[in-house]
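Working notes for the structure below.
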Ligand code: PXP
């Protein structure tokens with residue numbers, strides 16, 4: 013029997029909303045500062061999230077250091093920290109000790125993480141970082157585009173996980189030809205990762221519509237989903253949003269694979 017795919021809920025955009033109103037006023041506005049990402053995370057866990065993901069960006073545009081510290085103390089499931097592979101962030105993460113880290117590229121101007129990490133071009137820099145996390149029992153994942161050369165690099169680096177960037181697939185969703193091409197790329201990359209014993213996560217742009225096809229990517233361990241879940245939470249609450257995504261993951265999973 014196929015193993016169920018886990019759901020990691022990315023709560024970054026709950027902090028985006030808070031920062032839109034309260035950036036710089038956190039200490040003077042006290043309890044009025046809302047929403048609280050920790051409260052959102054705990055409610056997501058209650059609704060069935062298998063883990064919580066946050067990205068502490070260099071520009072601190074959404075999640076702040078104190079959010080991460082409070083989450084580390086409060087979460088009941090697993091904490092996955094997305095981070096740029098910089099010395100400052102590596103030091104921070106080794107002290108924090110999240111359950112896992114996902115190494116992502118960071119460019120200040122982008123709204124979210126736009127492209128995968130070029131692991132193939134950074135083998136020498138990433139190898140000791142992944143090793144330092146492994147030594148502390150922290151599983152490191154590389155957020156990469158679904159390309160063979162990136163999988164090969166992840167294997168050379170010794171990464172136990174990759175997170176396949178599903179953005180190109182999600183953006184192509186309503187163009188049948190491009191979508192099929194991007195879907196094949198994701199499936200091929202997941203097969204390639206399995207062949208070298210690397211576990212596969214996936215994320216970026218996954219929503220309540222494309223989820224039924226996304227779950228057909230072979231060998232998936234976990235999906236990291238943020239924007240669509242938080243958008244649905246605005247309408248129906250985080251509990252309903254997480255339960256609905258879990259239900260669709262299960263439903264898609266039980267459908268016969270497409271020809
Ligand atoms: N995975 C990674 C590595 C990301 O950078 C992001 C975006 O922050 C996500 C998953 C979640 O993407 P989305 O918010 O589009 O669901």
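Numbering (this note's numbering), first residue to last: 13 to 271. Quick reminder that beta carbons are idealized off the backbone N, C-alpha and C, glycines included.
Take the Cβ of residue i as the centre, count every other Cβ of all protein chains shown within 10 Å, and call the residue buried at 16 or more, exposed below.
{"i": "residue 179", "result": "buried"}
{"i": "residue 114", "result": "buried"}
{"i": "residue 262", "result": "exposed"}
{"i": "residue 248", "result": "exposed"}
{"i": "residue 246", "result": "exposed"}
{"i": "residue 258", "result": "buried"}
{"i": "residue 91", "result": "buried"}
{"i": "residue 80", "result": "buried"}
{"i": "residue 236", "result": "buried"}
{"i": "residue 44", "result": "exposed"}
{"i": "residue 128", "result": "buried"}
{"i": "residue 107", "result": "exposed"}
{"i": "residue 25", "result": "buried"}
Are the CB atoms of residue i and residue j nearer to each other than 9 Å?
{"i": "residue 110", "j": "residue 141", "result": "no"}
{"i": "residue 105", "j": "residue 150", "result": "yes"}
{"i": "residue 187", "j": "residue 55", "result": "no"}
{"i": "residue 75", "j": "residue 49", "result": "yes"}
{"i": "residue 254", "j": "residue 19", "result": "yes"}
{"i": "residue 59", "j": "residue 83", "result": "no"}
{"i": "residue 132", "j": "residue 161", "result": "yes"}
{"i": "residue 278", "j": "residue 138", "result": "This structure does not reach residue 278, given that the chain is present from 13 up to 271, and the question cannot be answered."}
{"i": "residue 239", "j": "residue 219", "result": "yes"}
{"i": "residue 22", "j": "residue 70", "result": "no"}
{"i": "residue 197", "j": "residue 181", "result": "yes"}
{"i": "residue 156", "j": "residue 144", "result": "no"}
{"i": "residue 227", "j": "residue 64", "result": "no"}
{"i": "residue 171", "j": "residue 153", "result": "yes"}
Per the DSSP calculation, residue i is bridged to which residue(s)?
{"i": "residue 94", "result": "67 and 114"}
{"i": "residue 288", "result": "The chain is shown only over 13 to 271; residue 288 falls outside these bounds and no answer can be derived."}
{"i": "residue 20", "result": "63 and 236"}
{"i": "residue 151", "result": "112"}
(message) When you compare the region 222 to 238 with the region 195 to 212, are there three or more beta-carbon pairs, one atom per stretch, that lie closer than 8 Å?
(response) At 8 Å Cβ cutoff, the stretches touch.
(request) Give me every residue whose Cβ sits closer than 7 Å to any heavy atom of the ligand PXP, in chain order. (result) In chain order, the residues that have a beta carbon nearer than 7 Å to some heavy atom of the ligand PXP are 22, 24, 25, 65, 67, 94, 114, 116, 124, 125, 155, 175, 215, 216, 217, 218, 236, 237, 238, 239 and 240.
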